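According to UniProt numbering, the stretch in the sequence shown is residues 1 to 136, in order. Note that the Cβ used here is the ideal one computed from N, Cα and C, for glycine as well. The structure displayed is predicted, hence computed values, not measured ones. Notes follow once the structure below has been shown.
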Amino acid sequence: MSYCKDFGKDKVIFVSKEDHETPIKVSLPENSDDDSPGLILANGEINWSCPCLGGMATGPCGPEFREAFSCFHYSTAEPKGNDCIEKFQEMQECMFKYPRLYPLNEESDKKSVNDNIQEERLSSSGENQSLSLVKM
1 MSYCKDFGKD KVIFVSKEDH ETPIKVSLPE NSDDDSPGLI LANGEINWSC
51 PCLGGMATGP CGPEFREAFS CFHYSTAEPK GNDCIEKFQE MQECMFKYPR
101 LYPLNEESDK KSVNDNIQEE RLSSSGENQS LSLVKM
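Here it is as structure tokens:
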């Protein structure tokens, strides 16, 4: 015999072994077309209103994010997105201007990212021909 117990805002349901042995009588609703469409719409376009983007498309670096993400989504380069490196670097540079909105995960990332940006600036000025991807 199962029973419930309330703990403030939480409800704990205790079930017996017999409860687990009987088949579930709950049916889940069928997915309908009215549900949120997700990140990519049926026509292949990007759904900028998708909550999965977490506001990235509308923040202070929204234009840079949308350009980089669009570039990657529609990229035909091999490997995919290889032609979008500059767009992602522009987005990342914008994010550095707003550290409270876009914090780095670890202190060690700061050094790694700054080193990569410095490398890229050197390579774009012709002093260094190597190109490295920036870790986000």
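Taking C-beta atoms as the reference points, Glu-67 and Lys-97 fail to come closer than 7 Å. Between the alpha carbons of His-73 and Lys-80 lies a gap of roughly 9 Å. Beta-bridge annotation (DSSP): Ile-40 is paired with Ile-46.
With respect to the C-alpha of Met-56, the residue from Cys-94, Tyr-3 and Gly-8 having the closest C-alpha is Cys-94. Spanning the alpha carbons of Leu-53 and Cys-84 requires a straight line of approximately 19 Å. Taking 7 Å as the cut-off, the Cβ atoms of Cys-61 and Met-91 count as close.
DSSP lists Phe-14 as the beta-bridge partner residues of Tyr-3. Rounded to the nearest whole angstrom, the CA to CA distance from Asp-10 to Thr-76 is 49 Å. Counting of Cβ neighbours within 10 angstroms places Glu-45 among the exposed residues, the total staying below 16.
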